[in-house]
Amino acid sequence: GEIFLDKVDLTKLNNNQLRNVRKKISIVFQHFNLLSSRTVYENVSLPLEIEKVPKGEIEVRVNKLLEDVNLLHKKDSYPSQLSGGEKQRTAIARALINNPDIILFDEPTSSLDPSTTQRILDLILEINKSMKKSILIVTHEMDVIKKICDKVVYLKNGTVDFFGKVHEFFIEKENELNKEFYQEINVDWKRVKEVVQGENDRLIKVVFWGEKTHEPILHNITKKYDITLNILYGKIEHLKDNPYGTLIVEVISTQREMEKFLEELSANVYKVEVLK
């Protein structure tokens, strides 16, 4: 295959060129890969020692970074004395010490408890926004993608099944993801569809994205037409920068009113799907 970074194919570079590129790329391993015989300070300082950076500069940079990741008080501790979250933050500090442009994260939250996971995700998000670092994450956890990512590549059976924006991924792949990752929507679809009895009645799925998620769009449009709505299911989720929402609604009306209503609704929301 090919690997492009800033329009440069890395597979075509010679060893010296590739080594220079790699100096601007760091990695945080799934199981931390800390050296057990070195303290937190010494683990973080190792890349600078290899680069033969003066000791005085190393001390300033390492202490500043440990303070940024809230580990300065643990600088003399060994990995065996750290919690999982502290080990991960040490690994993140080590990845940041050379001021890389890109950081690769391999399953960064897989071995952490839920509360620690949220703190690590907050730290990664802060690195992305405040330090202006590009982040590439390999993960099986959908909550990581929702909170951190702008775009997603979904690999299935060894091929790229989807590449695009995060909200498009969750909207387009919702049913598949529910089955794949056991995130079943709590809806009894058989009973829901049985609710729709009238010949002209419809069961629709309405998807909202961004600021419109919190606006009374459905209410405002409904007032214009002679229709009755029965909301059967709803949810709102928050992605990195914007919310998106889903409603399952029974619409009761005449065919003429129904068509006009659905046309205007489709023009004002992200997506309308007629389920029945």
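When we follow the numbering used here, the leftmost residue of the sequence shown carries the number -7, and every step to the right adds one.
Cβ coordinates follow ideal geometry from the N, Cα and C atoms, glycine included.
- In this structure, the CA atom of S29 is about 8 Å from the CA atom of P71.
- If you draw a 10 Å sphere on the C-beta of A259, you find fewer than 16 other C-beta atoms in it, and that means exposed.
- For the options I42, K215, L5, A83, the alpha carbon positioned closest to that of H23 is the one of A83.
- DSSP, read as helix, strand or coil, puts E242 in strand.
- If you check the CB distance, L210 and G226 do not come in under 7 Å.
- Look at the segment 9 to 44 and you find these whole runs of alpha helix (DSSP H), each 4 residues long or longer: 32 to 42.
- Within the segment 208 to 254, the runs of beta strand (DSSP E) at least 3 residues long that lie entirely inside it are, in chain order, 220 to 230, 235 to 244.
- By the criterion of a C-beta distance shorter than 7 Å, A85 is surrounded in its chain by V36, L57, L58, V61, L63, once the five residues flanking it on both sides are discounted.
- Shortest Cα-Cα distance from I244 to any of E(-6), L221, I228, D233 involves L221.
- Around the beta carbon of G156, fewer than 16 other beta carbons sit within 10 angstroms, so the residue counts as exposed.
- For V52, the uninterrupted alpha helix (DSSP H) run begins and ends at 47 to 60, by DSSP.
- Judged by beta-carbon spacing, I196 lies within the 7 Å limit of V241, meaning their Cβ atoms are closer than that value.
- Three or more beta-carbon pairs drawn from the segment 72 to 81 and the segment 105 to 118 are found closer than 8 Å, and the two stretches are therefore classed as touching.
- Within 10 angstroms of the beta-carbon of V144 lie 16 or more other beta-carbons, which makes it buried.
- Of all C-beta pairs linking the segment 124 to 139 to the segment 87 to 105, three or more are shorter than 8 Å, placing the two stretches in contact.
- Bounds of any alpha helix (DSSP H) do not take in S72, whose DSSP letter is neither H nor E.
- Cβ contact annotation for N234 (same chain, cutoff 6 Å, sequence separation greater than five): G202, in chain order.
- In the DSSP assignment, K197 falls within the beta strand (DSSP E) that extends over 194 to 201.
- Note: G156 is bridge-paired with V144 in the DSSP secondary-structure output.
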